[in-house]
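Okay, structure first, notes after.
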């Protein structure tokens, strides 16, 4: 739900439940007004001004009987204000755990840093509602004079990273006014990087540190591979089918001393389930503001883009009505790209991961060979049925993996008919 004064296009839920919208945000105002600052806060979070009352939020997520597994909220490297959660209903248990510490939230509001602090729900019985109030940073950015644009932030992150691997690799290159910047922000911002999970008393966590070999599927321009190398990875195997991405990948993974360690192996191929074959790769349509879209190219059977009538005008001159299609070779994941010695796998292959993870092989421990850590981007834009994602998670658990998630949407919903909402339908 969105507050009426948020200044953002209202989601469908606001129209369905107008009375709920009114009382939910009135409840937050009452909590703020009737309690002295600061509200109860989770241990380890930082407040910018401890004695200042909480500002009203623009967003509220309403959850019924949702038991979250350990996760952090999506901030795309930009984050949000402190979240406030309060539990309602007749239930027992159901504490919110933040970095392993339980907090009873039933009619007892709690503030925490949702995009930095790992949090989840303890088991409960009865009917449990939770309200999570927050304001995304994208809402605040319009009023922030020193808000840094994406290319500027990506340049700073890329420069700092390049220094960390300067003895091995040349400086990281990326395309201005393209989605390359988002990839860099997603991976190289240590505060919000979703590719490592800090351990605590309850969570083993995982790290990119000192892996023998990393398999980078959907390597894009090589940012993940470079990050793994900076963490001590000894060998990289990278697959990227899109030619312009592969050209930058090659430059970004060119070693200063070709004969020295670590070793790097590049493949200009797609990775998918099934046999090796020739397939069509569909280039993603550029964004409406003209930004070059470099990270949503996919095999045709998984593409979210469709051809548009040539007579219709599109929002940007850089967008094509008829999508560009390229012939590419695909190699199978199991029995092909994944080889002995690989200990870390990254799957970001724009929908192809769906059939890989739903396959019979995915549920078998022996299929994963020496893999100990696996990081996946699940493409809800290709497959919106949340039950399908849960099938993939069950396969991974059967193979012996412990699964954590980060992101936004209704992925926790176990209703067979649940569909993932688009990012602006919170």
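In the numbering used here, the protein residues as written are 1247 to 1672.
Backbone N, C-alpha and C define an ideal beta-carbon position, used for all residues, glycine too.
All values reported here derive from a predicted model rather than from experimental measurement.
- Its Cα nearest to that of residue 1375, the residue 1339 stands out among 1596, 1339, 1262.
- Straight across, the Cα-Cα distance linking residue 1554 with residue 1568 is about 6 Å.
- Looking at the DSSP output, residue 1366 sits in a beta bridge with 1343.
- A straight-line Cα-Cα distance of about 7 Å links residue 1610 and residue 1644.
- Among the bridge pairs identified by DSSP, residue 1573 is matched with 1526.
- A contact between stretches requires three or more CB pairs, one per stretch, nearer than 8 Å, and the region 1468-1481 meets this requirement with the region 1449-1456.
- By the neighbour-count definition (other C-beta atoms within 10 Å, threshold 16), residue 1450 is an exposed residue.
- Take residue 1601, set aside five residues on each side of it, and the residues of its chain with a beta-carbon closer than 8 Å to its own are 1518, 1519, 1520, in chain order.
- Apart from sequence neighbours up to five positions away, the residues of its chain that approach residue 1491 with a beta-carbon distance below 7 Å are 1466, 1467, 1540, ordered along the chain.
- When DSSP states are grouped into helix, strand and coil, residue 1544 belongs to the strand group.
- In the DSSP annotation of this structure, the continuous segment of the alpha helix (DSSP H) that includes residue 1602 starts and ends at 1598-1604.
- By the C-beta density criterion, residue 1504 is exposed, having fewer than 16 other C-beta atoms within 10 angstroms.
- Straight through space, the alpha carbons of residue 1402 and residue 1526 are spaced by roughly 36 Å.
- Between the alpha carbons of residue 1635 and residue 1651 lies a distance of about 11 Å.
- Counting only the Cα atoms, residue 1270 lies some 16 Å from residue 1280.
- For residue 1330, no alpha helix (DSSP H) encloses it; the enclosing beta strand (DSSP E) starts and ends at 1329-1334.
- Within the region 1620-1650, the runs of alpha helix (DSSP H) at least 4 residues long that lie entirely inside it are, in chain order, 1632-1644.
- If you draw a straight line from the Cα of residue 1483 to the Cα of residue 1373, it is about 48 Å long.
- For the 8 Å CB-CB criterion, residue 1577 and residue 1515 form a contact.
- In this structure, DSSP gives residue 1256 a state outside helix and strand, which the three-state scheme calls coil.
- Take the alpha-carbon of residue 1381 and the one of residue 1328: they are about 8 Å apart.
- Taking a cut-off of 8 Å for Cβ pairs, the region 1360-1369 and the region 1405-1418 do not touch, as fewer than three such pairs fall below it.
- Counting C-beta pairs closer than 8 Å gives fewer than three between the region 1621-1632 and the region 1417-1428, which falls short of the contact rule.
- For residue 1457, no pairing in a beta bridge is given by DSSP.
- In this structure, the beta-carbon distance from residue 1377 to residue 1334 falls below 8 Å.
- Bounds of any beta strand (DSSP E) do not take in residue 1351, whose DSSP letter is neither H nor E.
- The alpha carbon of residue 1319 has as its nearest neighbour, out of 1579, 1358, 1614, the alpha carbon of 1358.
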